[in-house]
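Participant:
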Amino acid sequence: MLTIHYHYHAHLSAFADSLDSKSTENEVTFVVERKKNTLTLISGNEARFHILTIQLDEDCSLKTGKFSINASWLKLCLENPVQGRNGESIYFHVNYDNKRLPRLSWQPESGTWRDGNAKPANETHLQLLTKIHSTGFEPLSTCWLQSIQRHTNSHPKLSLFRLNQQEEKLEIVADHTLHSYDFPYQNNPRIDLKLDANGLNTLSVLCQNTLSHSIHVYADDESAIFSDEVMTIGLALNFIDADIDAKPIHYEVETQFSLHVSGLCNELASHHKVDTLKLLNSTFLYVCPTGVLVSGASEDERCSKLFESKVLPSKQPLLYTLTSTEFKNAITQFKKLGSKEMYLQVLIAPDGSRVLGLYKHTESEFPYSTVGIELYSEGLEEMIVEIEYHNTIEPAQGDLFSRCAKS
Numbered sequence: 000m001l002t003i004h005y006h007y008h009a010h011l012s013a014f015a016d017s018l019d020s021k022s023t024e025n026e027v028t029f030v031v032e033r034k035k036n037t038l039t040l041i042s043g044n045e046a047r048f049h050i051l052t053i054q055l056d057e058d059c060s061l062k063t064g065k066f067s068i069n070a071s072w073l074k075l076c077l078e079n080p081v082q083g084r085n086g087e088s089i090y091f092h093v094n095y096d097n098k099r100l101p102r103l104s105w106q107p108e109s110g111t112w113r114d115g116n117a118k119p120a121n122e123t124h125l126q127l128l129t130k131i132h133s134t135g136f137e138p139l140s141t142c143w144l145q146s147i148q149r150h151t152n153s154h155p156k157l158s159l160f161r162l163n164q165q166e167e168k169l170e171i172v173a174d175h176t177l178h179s180y181d182f183p184y185q186n187n188p189r190i191d192l193k194l195d196a197n198g199l200n201t202l203s204v205l206c207q208n209t210l211s212h213s214i215h216v217y218a219d220d221e222s223a224i225f226s227d228e229v230m231t232i233g234l235a236l237n238f239i240d241a242d243i244d245a246k247p248i249h250y251e252v253e254t255q256f257s258l259h260v261s262g263l264c265n266e267l268a269s270h271h272k273v274d275t276l277k278l279l280n281s282t283f284l285y286v287c288p289t290g291v292l293v294s295g296a297s298e299d300e301r302c303s304k305l306f307e308s309k310v311l312p313s314k315q316p317l318l319y320t321l322t323s324t325e326f327k328n329a330i331t332q333f334k335k336l337g338s339k340e341m342y343l344q345v346l347i348a349p350d351g352s353r354v355l356g357l358y359k360h361t362e363s364e365f366p367y368s369t370v371g372i373e374l375y376s377e378g379l380e381e382m383i384v385e386i387e388y389h390n391t392i393e394p395a396q397g398d399l400f401s402r403c404a405k406s
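Note that numbering that gives the first Met the number 0 gives residue 248 to position 249 of the sequence shown, counting from 1, and the numbers run on in steps of one.
1. One question on the structure: do A13 and N208 come within less than 8 Å of each other, judged by their Cβ atoms?
2. Could you check if W105 is buried or exposed, using at least 16 other CB atoms within 10 Å of its CB as the buried criterion?
3. Mind checking who Q54 pairs with in its DSSP beta bridge?
4. Can you name the residues that DSSP bridges to A173?
5. Which residues share a DSSP beta bridge with T123?
6. Compare the C-alpha of T52 against each of I147, E362, L61 and F29 and name the closest.
7. Run through DSSP, which three-state label would G351 get?
8. Assuming contact is defined by CB atoms lying nearer than 8 Å, are F66 and L100 in contact in what I supplied?
9. Please classify N265 as buried or exposed, where buried requires at least 16 other C-beta atoms within 10 Å of its C-beta.
10. Hey, out of Y285, L202, S308 and T123, whose CA is closest to L144's CA?
11. Give the C-beta separation of I347 and E251 to the nearest angstrom, bearing in mind that I take them to be a contact with Cβ-Cβ under 8 Å.
12. Helix, strand or coil: which one does DSSP assign to D242?
13. Residue range of the alpha helix (DSSP H) that Y375 falls in?
14. DSSP has Y90 in a bridge; who is on the other side?
15. Taking only three categories from DSSP, how would you classify N390?
16. For S294, does the count of other Cβ atoms within 10 angstroms reach 16, so buried, or fall short, so exposed?
17. Using 8 Å as the threshold, is the stretch 316-330 in touch with the stretch 359-377, meaning 3 or more CB pairs across them?
18. Nearest to P107 by CA position, among T123, V93 and C76, is which residue?
19. What's the C-alpha gap between E253 and T176?
20. Per the contact definition of three or more C-beta pairs closer than 8 Å, is the stretch 114-133 in contact with the stretch 40-51?
21. Using CA coordinates, which residue listed in D174, L276 and A268 is at the minimum distance from K246?
22. Buried or exposed: which applies to W112, given that a residue is buried once 16 or more other Cβ atoms fall within 10 Å of its Cβ?
23. With 16 as the cutoff for other CB atoms within 10 Å, does N390 come out buried or exposed?
24. Among the residues of its own chain, which have a CB less than 7 Å from the CB of E32, if the five just before and after it don't count?
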């Protein structure tokens with residue numbers, strides 16, 4: 000009996016999805032090492048391959064050896080149990096029948112059998128396994144990789160991703176334009192890494208499925224290999240010169256200010272509790288020389304909080320609007336850095352569009368992240384009226400509001 004336990008289901012599902020009957024290598028190779036009690040499954044070819052290593056039970060019937068099985072047959076056997084996600088292990092009956100190579104049988108239900116006879120091991124797969132054993136990997140923290148996915152998710156047209164460890168920045172190319180971001184934490188990887196969109200997506204999926212604290216990575220200009228020591232995935236990389244040579248957008252700073260991170264998180268959470276504000280999903284930022292008012296408003300409800308800025312904003316009052324959920328998600332991620340204060344800049348691109356850059360400190364060359372933002376000049380007068388109204392009902396705390404309104 001061969002038992003594949005249910006805790007391998009996430010990796011097994013990815014492995015089953017990789018099996019392509021149209022591939023030139025329409026086989027899965029089994030490498031059994033009874034001294035280590037491991038079974039290694041290999042699929043694909045040099046352009047894209049998957050290697051899955053699982054632990055065998057002591058009483059497993061497989062003998063030490065190497066053989067291959069038809070890939071489409073194995074995919075048929077794996078699809079239903081894996082998709083069921085019912086916490087059950089998968090069982091294959093093993094019969095050598097006095098032969099060197101085994102016969103595997105799977106029983107989906109009473110009276111139904113799926114049998115596959117083993118063939119000599121696929122040499123291409125064995126060469127791939129040898130290559131993996133000699134590859135020099137670098138470990139990357141799984142949590143660190145997951146933390147940068149917000150940047151990549153905000154660029155749906157991403158075509159190139161780079162880790163530049165010397166300058167400690169992330170570089171993303173989308174629409175042939177270069178976007179640079181500050182590394183998220185103090186303890187960052189000390190490697191350079193360049194991936195295309197397919198490579199980055201493969202790495203992201205492995206991060207989602209793994210239980211490991213680290214992913215081992217190898218990449219050069221032509222290929223990449225990722226491994227969590229259970230699943231190993233290799234693929235060819237394809238870059239175009241326009242992406243390699245992409246230039247950044249040159250922004251102008253319209254205004255700058257700072258906000259207290261925990262206070263801002265709490266205020267945005269309060270807005271989210273009001274159903275009308277949650278539905279509108281808009282946050283207003285009123286920036287004046289003495290502070291920043293963060294507000295959410297519907298026709299009948301309004302929630303606002305004034306923050307004192309530790310950096311000098313613009314001399315003239317400005318009103319902006321941005322999407323609440325995007326802003327809240329960005330602040331939540333920033334809060335994980337442990338910084339008490341966040342520094343922000345409204346940046347104007349040559350085409351007139353704006354983004355709000357979130358920085359770890361005033362000396363940061365690149366933002367930690369960016370959020371889309373728009374100037375809302377038509378609402379400025381109404382905002383000033385609201386501030387003046389609150390000054391009349393709360394004069395003891397109205398001095399800062401008053402100075403904002405009079406700016």
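Just so you know, even glycine gets a beta-carbon here, dropped at the ideal spot from N, CA and C.
Facilitator: On the basis of the supplied data:
1. yes
2. buried
3. T37
4. L157 and T176
5. Note: T123 sits in no beta bridge, so no partner.
6. F29
7. The three-state reading of DSSP puts G351 in coil, since its state is none of H, G, I, E or B.
8. Contact flag set, yes.
9. exposed
10. L202
11. 5 Å
12. helix
13. For Y375, no alpha helix (DSSP H) segment is defined, and its DSSP state is neither H nor E.
14. Note: Y90 is bridge-paired with T2 in the DSSP secondary-structure output.
15. Helix.
16. buried
17. Touching, yes, given that three or more Cβ pairs across the two stretches are closer than 8 Å.
18. Checking every option, the nearest Cα to that of P107 belongs to C76.
19. Distance between the alpha carbons of E253 and T176: 21 Å.
20. By the criterion of at least three beta-carbon pairs nearer than 8 Å, the stretch 40-51 is in contact with the stretch 114-133.
21. D174
22. exposed
23. buried
24. T63
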